[in-house]
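Read left to right, the sequence shown gives residues 13 to 842 (this note's numbering).
Glycine included, each C-beta is placed from N, C-alpha and C at the ideal position.
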Amino acid sequence: MRSWKRLSAPVAGVVLITLLTLFAPARSVMMQSSLTFTQTKLLAADAAQYNYFGLSVAVRGDTAIVGAYGKSDLVRNAGAAYAFTRNAGSWTQQARLGTSSPLIDAYLGATVATNGSYTAAGAPYASVGAQNDGVVYLFSNATWQQQTILLPNDPDSLSQFGNALAINDNTLFVGAPMHDSFGVNAGAVYVFTFDGASWVQQQKLIGVDTAPGDRFGSALALNDGWLAVSAPLHSSPGSPGGAVYLFEFDGVSWVQRYKVGAPDTIAGDRFGSAIALDDGWLAVGVPLHRFVGSASGAVYLFEFNGTAWVQRQKFVASDTAGSDQFGSALALENRRLVVGAPLHNSNGPASGAVYIFERATTTWIERAKLIGSDTNAGDRLGGSISIDGNTILVGAYGDTAAGPATGAAYVFVEVTGPGVTTTPSIIVTPTETSTPSATPSNTPSPTFTSTPSATPSNTPSPTFTSTPSPTPSATPTFTSTPSPTPSATPTFTSTPSPTPSATPTFTSTPSPTPSATPTFTSTPSPTPSATPTFTSTPSPTPSATPTFTSTPSPTPSATPTFTSTPSPTPSATPTFTSTPLPTPSATPTFTSTPSPTPSATPTFTSTPSPTPSATPSNTPSATPSNTPTATATVPPGTGTPRPILACVARRSPASYVAIFGYEMEGTAPVHMPVGGENRFNRYREDLGQPTTFEPGTRRAAFAVVFDGLPLTWSLAGRQVTAWANYPIRCSSDAVVRIQPILECTLPDSNGTTIARFGYRNDNAFNVAVPVRWQNFFVPAPIQRGQPVVFAPGRHRFVFETGFSRGALVWFLDGRIAVATNAPVQACQFN
13 MRSWKRLSAP VAGVVLITLL TLFAPARSVM MQSSLTFTQT KLLAADAAQY
63 NYFGLSVAVR GDTAIVGAYG KSDLVRNAGA AYAFTRNAGS WTQQARLGTS
113 SPLIDAYLGA TVATNGSYTA AGAPYASVGA QNDGVVYLFS NATWQQQTIL
163 LPNDPDSLSQ FGNALAINDN TLFVGAPMHD SFGVNAGAVY VFTFDGASWV
213 QQQKLIGVDT APGDRFGSAL ALNDGWLAVS APLHSSPGSP GGAVYLFEFD
263 GVSWVQRYKV GAPDTIAGDR FGSAIALDDG WLAVGVPLHR FVGSASGAVY
313 LFEFNGTAWV QRQKFVASDT AGSDQFGSAL ALENRRLVVG APLHNSNGPA
363 SGAVYIFERA TTTWIERAKL IGSDTNAGDR LGGSISIDGN TILVGAYGDT
413 AAGPATGAAY VFVEVTGPGV TTTPSIIVTP TETSTPSATP SNTPSPTFTS
463 TPSATPSNTP SPTFTSTPSP TPSATPTFTS TPSPTPSATP TFTSTPSPTP
513 SATPTFTSTP SPTPSATPTF TSTPSPTPSA TPTFTSTPSP TPSATPTFTS
563 TPSPTPSATP TFTSTPSPTP SATPTFTSTP LPTPSATPTF TSTPSPTPSA
613 TPTFTSTPSP TPSATPSNTP SATPSNTPTA TATVPPGTGT PRPILACVAR
663 RSPASYVAIF GYEMEGTAPV HMPVGGENRF NRYREDLGQP TTFEPGTRRA
713 AFAVVFDGLP LTWSLAGRQV TAWANYPIRC SSDAVVRIQP ILECTLPDSN
763 GTTIARFGYR NDNAFNVAVP VRWQNFFVPA PIQRGQPVVF APGRHRFVFE
813 TGFSRGALVW FLDGRIAVAT NAPVQACQFN
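See below:
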């Protein structure tokens, strides 16, 4: 079997910490061990609010890559990634990675991965081949210049290509969890290899029993000839709360061999939100699982015994509590597992924490708990993690160094010998080598040539050449002011965790080998019959996939003490064994060509940011805005509104609705426009919330249909967050579904038919239904001008759209309206 080094995108962060940890192995007395870490905090040289620096991280050797998908200084939410290198223990920013033609709302840096020679940065919402289809940018680590742009051969609107990445020496895997070729939001994974000159698409992977809505490709992990792919919304017997598929490289292609799940999960737990692989072990994070409280999270560990992947443990940390979302991020290497719990309350609500577990024979034991020396409420340390050797990189994308959700990364390095003491260093230095173009366009420039264009055009490029980008033209360099050295030296002390009581272990029965061997083509395969299984199921040999060518933080006032509590020996959990799947048939291969080289991005040397005046929020918004902060109009003597989340209802396995309201004291209304102090973190800032707030309490002011992932409304400095397992529930009919209505059709002069639509909202308040999974058209494009916010009442002739033949269907909130060119639907004119 070929040896494959696992590399994945992690979070960054380093600080000097001495940890004395007591751990309790199962059925043995507590033993003492010491772990000592140095800590360094990384900040971008041009840090700004709502950058979400640290949302993704990756480390390889002396190179750290940190994604900041909300970077908006060029265009709104274009995103960026930052490269840091280590020399003699000091980290320096080398470059800001971006493109010469940044795209609005592309979110470049949502994911990052590096193999030491190349760095991949995902922009899952970029519109290039199709609307919001997503792209992946590849940069050379030698020059930090863009080398190519990767697109799938079959781009699909809103597929989120680039939402997950894994890379080794010459192979790159790209997840597209919302891809529709095997059903709406079924997902897919694309495999690219480097042939010495360009990156070529070799395969497109899909699980044997993947179904619409599974989101296959949401997370990836790669090691030693195995590829793990998660489908966190999959539901089947033995895997009700998500599944992970294991593919093996047979020397020619990647073939599904097994599928693992956990029968004690439920729909919405998101088994596989994070995964990690190393040396025959698979770790699976389930951050919304109810184990020691609602959304406490948990981690499952599976071991490959030569014939199947067998569950060995299920655990949380010694101090995990409800809503911690333990298991949101994972990294695994050399008998060490690092787990993120970004909503843990170590230094305030949602300040976050990272836990280190180590393997003793077949049992994993908690050894340490890491928290940043200056983390605060809302920092979300542990939202992303990467490990290489003794270096752990951790993201804290909610850090408020330069304002809300600026973000930071921490690098923790284990050092030998007890008693190491150093002052935590905050790194914001560096030199960036390339400068983005002054006036970027909203779309990529057409047909890329060997010379970067001076003024990007508005036409998407139809083809990409395989020639790497030329050296970008020179651009201004910004010089940074060195950051001050904080005076305090935090000390971290670990505390032994209590010995847990043992729990019996159960062994599952392997699932029967399925008799059918499905072949995958461009047509979605029918849903296979359910096969109850607690373990991995061998996959049939897939058919071949065609090949495409292709601030410093303020000086701490005191010396904080942090306790690292080794976890109790995790209670044993039922063991489930995977059953091998039949060998799938091969998939055709497509060859891809690298994209043109864009103009270079600027080099920055940072100036440390002053102590931020803003108070960090508990839940930073996930979608930054480029809109100037709105100013609230507050008459004298009045109060400010406080947001309320009344309840959350589940409508279907992947559809939820949240009812929001507000309370306000005083006698006069307050006006707060959308943006700044009145905004949402996902989909878009405006989801139907009020802009004028009357005194009193209104528990049902508006509702939002969403997918169960955290959805936060920020209002006047306070926040409420809805998610799938929100404890206050309302009935599924608490919000009446919106009814789409076809008003009429009429012929157009160019031979097409124009359909005019309206709707009816029978609720007494606004209801938002974001475009995509509950508000879309068939056939594509799915966005045809339909509203997202639906006001109460009957609304006629709201928008119109054209279609050429057959039928046009508007799917809205579980209901449909169908347009044809039949005379009975023709518009009538008086």
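### Message
If you follow the beta strand (DSSP E) that Phe850 is in, where does it begin and where does it stop?
### Response
The requested residue 850 is not part of the displayed model; the chain covers only 13 to 842.
### Message
Between which residues of its own chain and Thr467 is the CB-CB distance below 6 Å, once the five residues before and five after are set aside?
### Response
Position 455 of the sequence shown, counted from the first residue, corresponds to residue 467. In this prediction, Thr467 has a pLDDT of 32, which is less than 50 and means its spatial position is unreliable; what the coordinates show is noted afterwards. Contacts found: none.
### Query
Quick one: what does DSSP say Val298 is sitting in, helix, strand or coil?
Within the sequence shown, the letter at position 286 stands for residue 298. Three-state DSSP puts Val298 in coil, outside helix and strand.
#### Entry: Burial state of Ser358 (16 or more Cβ within 10 Å)
As a working note, residue 358 is residue 346 in the sequence shown. Looking at its Cβ environment, which holds 16 or more other Cβ atoms inside 10 Å, Ser358 is buried.
### Pairwise C-alpha distance: Phe49 and Phe802
As a working mapping, residue 802 is identified with position 790 in the sequence shown. As a working mapping, residue 49 is identified with position 37 in the sequence shown. Cα-Cα distance, rounded: 53 Å.
#### Entry: Pro244 versus Gly237, Phe228, Phe259, Leu234, residue with shortest Cα-Cα distance
In the sequence shown, counting from the first residue as 1, residue 244 sits at position 232. Selected option, being the one with the closest Cα: Phe228.
### Query
Do you know offhand how far Ala343's Cα is from Asp336's?
Walking along the sequence shown from the start, residue 343 turns up at place 331. Walking along the sequence shown from the start, residue 336 turns up at place 324. Cα-Cα distance, rounded: 18 Å.
### Query
From Thr373 to Arg347, what does the alpha carbon distance come to, in whole angstroms?
By 1-based counting over the sequence shown, the position of residue 373 is 361. By 1-based counting over the sequence shown, the position of residue 347 is 335. Their backbone Cα atoms lie some 9 Å apart in a straight line.
### Query
By the 10 Å Cβ neighbour count, where 16 or more other Cβ atoms means buried, how is Asn175 classified, buried or exposed?
The count along the sequence shown starts at 1 and reaches residue 175 at position 163. By the neighbour-count rule (16 or more Cβ atoms within 10 Å), Asn175 is buried.
### Message
Tell me the DSSP secondary structure of Ala307 in three-state form.
### Response
Start at 1 with the first residue of the sequence shown, and residue 307 comes out as number 295. Three-state DSSP puts Ala307 in coil, outside helix and strand.
### Query
By DSSP, does Ile278 sit in helix, in strand, or in coil?
Position 266 of the sequence shown, counting from 1, holds the residue named residue 278. DSSP places Ile278 in coil when its eight states are reduced to three.
### Task
Note down the Cα distance separating Asp236 from Tyr312, rounded to an integer number of angstroms.
Against the sequence shown, residue 236 aligns to sequence position 224. Against the sequence shown, residue 312 aligns to sequence position 300. Those two C-alpha atoms are separated by around 20 Å.
### Task
Could you check the C-alpha separation between Pro136 and Ala118 for me, to the nearest Å?
Taking the sequence shown and counting its residues from 1, the one referred to as residue 136 is at position 124. Taking the sequence shown and counting its residues from 1, the one referred to as residue 118 is at position 106. For Pro136 and Ala118, the distance between alpha carbons rounds to 7 Å.
### Message
My assumption, with CB atoms under 8 Å, is that Arg392 sits in contact with Gly364. Please give the rounded CB distance.
### Response
Against the sequence shown, residue 392 aligns to sequence position 380. Against the sequence shown, residue 364 aligns to sequence position 352. Confirmed, about 5 Å.
### Query
In terms of residues, what are the limits of the beta strand (DSSP E) holding His807?
Translated into positions along the sequence shown, residue 807 becomes position 795. Counting along the chain, the beta strand (DSSP E) containing His807 begins and ends at 805-815.
### Query
In chain order, what residues of the same chain lie with their CB nearer than 7 Å to the CB of Pro640, ignoring the 5 residues before and after it?
Stepping through the sequence shown from its first residue, residue 640 is reached at position 628. Confidence in Pro640 is poor, its pLDDT being 40 and thus under 50, which makes the residue's placement unreliable; the coordinate value appears in the next sentence. Answer for Pro640: no residue qualifies.
### Query
Is the Cβ-Cβ distance between Leu47 and Glu426 less than 8 Å?
Position 35 of the sequence shown, counting from 1, holds the residue named residue 47. Position 414 of the sequence shown, counting from 1, holds the residue named residue 426. Yes.
### Query
Are the beta-carbon atoms of Ala829 and Pro752 separated by less than 8 Å?
As a position in the sequence shown, residue 829 is number 817, starting the count at 1. As a position in the sequence shown, residue 752 is number 740, starting the count at 1. Taking 8 Å as the Cβ cut-off, Ala829 and Pro752 qualify as a contacting pair.
### Task
Output yes or no for whether 8 Å exceeds the beta carbon distance between Pro653 and Met676.
The count along the sequence shown starts at 1 and reaches residue 653 at position 641. The count along the sequence shown starts at 1 and reaches residue 676 at position 664. Contact flag set, yes.
### Query
Does the Cβ-Cβ distance between Asn197 and Thr75 come in under 8 Å?
The count along the sequence shown starts at 1 and reaches residue 197 at position 185. The count along the sequence shown starts at 1 and reaches residue 75 at position 63. In this structure, Thr75 does not lie closer than 8 Å to Asn197 by Cβ.
### Simplified DSSP assignment, three categories, for Thr703
By one-based count along the sequence shown, residue 703 stands at place 691. Thr703: coil per DSSP, three-state reduction.
### Within 8 Å, strictly: CB atoms of Lys381 and Ala329
Numbered from 1 along the sequence shown, position 369 holds the residue referred to as residue 381. Numbered from 1 along the sequence shown, position 317 holds the residue referred to as residue 329. Going by C-beta atoms, Lys381 is nearer than 8 Å to Ala329.
### Task
Could you give the DSSP three-state label for Asn153: helix, strand or coil?
If you number the sequence shown from 1, residue 153 lands on position 141. Of the three classes helix, strand and coil, the one that applies to Asn153 here is coil, per DSSP.
### Message
Using CA atoms only, rank isn't needed, just tell me which of Val201, Arg749, Asp774 is closest to His191.
### Response
If you number the sequence shown from 1, residue 191 lands on position 179. Comparing Cα positions, the closest option is Val201.
### Task
State buried or exposed for Ser743, treating a residue as buried only when at least 16 other CB atoms are found within 10 Å of its CB.
Within the sequence shown, the letter at position 731 stands for residue 743. Label assigned to Ser743: exposed.
### Task
Please name the residue or residues paired with Asn690 in a DSSP beta bridge.
Position 678 of the sequence shown, counting from 1, holds the residue named residue 690. BP columns for Asn690 point to Gly687, Leu727.
#### Entry: Alpha-carbon to alpha-carbon, Pro354 and Pro739
Numbered from its first residue, the sequence shown carries residue 739 at position 727. Numbered from its first residue, the sequence shown carries residue 354 at position 342. In a straight line, the C-alpha of Pro739 is about 19 Å away from that of Pro354.
### Message
Less than 7 Å between C-beta atoms, sequence neighbours within five positions excluded: which residues of the same chain meet that for Thr418?
### Response
Translated into the one-based positions of the sequence shown, residue 418 becomes position 406. Result list for Thr418: Ala59, Ala60, Gln61, Asn63, Phe65, Asp411, Thr412, in chain order.
### Message
Using a Cβ-Cβ cutoff of less than 6 Å, which residues in the same chain neighbour Phe788 once the five nearest sequence positions on both sides are dropped?
### Response
For the purposes of this step, residue 788 is identified with residue 776 of the sequence shown, where counting begins at 1. Once the five neighbours on either side are set aside, the close Cβ partners of Phe788 are Ile794, Phe823.
#### Entry: Short CB-CB distance (under 8 Å) between Ala713 and chain D
No chain D appears in the structure shown, which is made up of a single protein chain.
### Inter-residue spacing [alpha-carbon to alpha-carbon] between Ala178 and Phe185
The residue given as residue 178 occupies position 166 in the sequence shown. The residue given as residue 185 occupies position 173 in the sequence shown. Whole-angstrom Cα-Cα distance: 5 Å.
### Task
Per DSSP, which residues does Leu344 bridge with? Please list them.
Stepping through the sequence shown from its first residue, residue 344 is reached at position 332. Leu349, per the DSSP bridge assignment.
### Query
Mind checking whether Trp103 and Val423 have CB atoms under 8 Å apart?
Position 91 of the sequence shown holds residue 103. Position 411 of the sequence shown holds residue 423. Cβ distance < 8 Å, so Trp103 and Val423 count as in contact.
### Query
Can you tell which of Val203, Ile671, Gly678, Gln143 has the C-alpha that lies nearest to the C-alpha of Thr724?
By 1-based counting over the sequence shown, the position of residue 724 is 712. Ranking the options by Cα distance to Thr724, first place goes to Ile671.
### Query
Going by beta carbon distance, what residues of the same chain come within less than 6 Å of Gly187, once the five residues before and after it are set aside?
Position 175 of the sequence shown, counted from the start, is the residue given in the question as residue 187. Asn175, Ala176, Val201, Gly229, Leu232.
### Task
Tell me whether Ser396 sits in a helix, a strand or coil according to DSSP, three-state version.
For this step, residue 396 is matched to residue 384 along the sequence shown. Strand.
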